[in-house]
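So the structure is just underneath, and the comments pick up after that.
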């Protein structure tokens with residue numbers, strides 16, 4: 083995605099609904115160019131077009147979350163993609179930043195096999211011939227588009243990878259990393275047990291949030307990739323827990 087498209091997406095996310103003519107004026111390009119940009123963003127599921135307007139997605143749609151803080155998430159995904167080698171097999175849990183990681187691997191040309199619980203991610207990279215995806219079965223959660231539960235954990239026992247990439251919903255300086263769904267966090271435990279190294283991909287805002295379900299303790303996490311707005315306190319805690327922290331630049 084080019085810089086103009088990122089600016090366009092940011093404007094729509096802030097305003098929720100913007101007239102196409104106004105977007106052309108704000109970005110100082112022609113209406114034809116804006117319409118082409120909007121078509122590209124709509125095809126990627128990042129916004130919707132409606133009667134001369136660009137509007138944000140339904141907040142219950144995964145594509146809505148994908149569009150929030152897109153630039154930061156994309157940079158985090160780019161950094162994570164450099165950790166994956168050609169012909170490597172990895173596990174990816176779910177979430178918007180993880181979906182962008184899968185896409186970055188697709189664009190890189192590396193031949194990568196992805197084991198995931200996310201049907202959204204599997205669909206997101208369906209057009210990349212260099213990516214092989216194994217989706218695990220189980221109880222299907224339609225909102226998150228993931229498989230969870232005992233059957234998923236049974237299938238996970240057949241796999242072992244060096245790296246697992248996942249997102250979080252919250253953080254506690256004393257206990258570690260949190261999620262907001264007990265079934266998904268239980269499945270994350272099983273994924274972490276079957277990977278040598280666990281890498282968390284998340285924007286820094288998640289470190290300011292509390293959530294309901296304990297997902298992973300500090301000792302099960304090797305690396306955190308986030309943005310440079312991470313608080314000094316969170317950075318200190320992660321360093322104390324001997325977790326490698328990699329930050330990407332924001333605007």
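Numbering (our numbering), first residue to last: 83 to 333.
All residues carry an ideal CB built from backbone N, CA and C; glycine is no exception.
Beta-bridge pairing by DSSP links residue 307 to 283 and 328.
For residue 136, the pairing in a beta bridge is given by DSSP as 100 and 131.
Rounded to the nearest angstrom, the gap between the Cα atoms of residue 158 and residue 135 is 30 Å.
For residue 170, there is no enclosing alpha helix (DSSP H), since its DSSP letter is neither H nor E. Residue 149 and residue 130 have their alpha carbons spaced roughly 11 Å apart.
Counting along the chain, the unbroken beta strand (DSSP E) around residue 222 starts and ends at 221-223. The stretch 261-269 and the stretch 221-232 touch, with no fewer than 3 CB-CB distances between them shorter than 8 Å. In the structure shown, residue 242 falls within a coil segment according to DSSP collapsed to helix, strand and coil. Assignment of beta-bridge partners to residue 247 by DSSP yields 174 and 281. Residue environment: residue 239 is assigned as exposed (fewer than 16 neighbouring CB atoms within 10 Å of its CB, all protein chains considered). In the DSSP secondary-structure assignment, residue 261 is bridged to 295. Look at residue 226 here: in three-state DSSP terms it is coil, with no helix or strand label.
Residue pairing by DSSP places residue 200 opposite 228 in a beta bridge.
Residue 166 carries a coil assignment under DSSP once its states are collapsed to helix, strand and coil. In the displayed model, residue 152 falls within a helix according to three-state DSSP. Residue 111: not part of any beta strand (DSSP E); DSSP gives it neither H nor E.
Following the DSSP letters along the chain, one finds residue 322 inside the alpha helix (DSSP H) bounded by residues 314-322. The secondary-structure analysis by DSSP pairs residue 254 across a beta bridge with 258. Comparing alpha-carbon positions, the option among 289, 232, 282 and 285 lying closest to residue 252 turns out to be 289.
Proximity to residue 178 across 200, 255 and 192 peaks at 200, based on C-alpha coordinates. Nearest Cα to residue 115 within the set 224, 86, 326 and 127: 86. Excluding five sequence positions before and after residue 304, the CB atoms of its chain that fall closer than 6 Å to its own CB belong to 279 and 280, given in chain order. Around residue 163, the same chain offers 183, 186, 187 and 190 as residues with beta carbons nearer than 7 Å, after the five sequence neighbours per side are excluded. Residue pairing of residue 213 in beta bridges, as defined by DSSP: 194.
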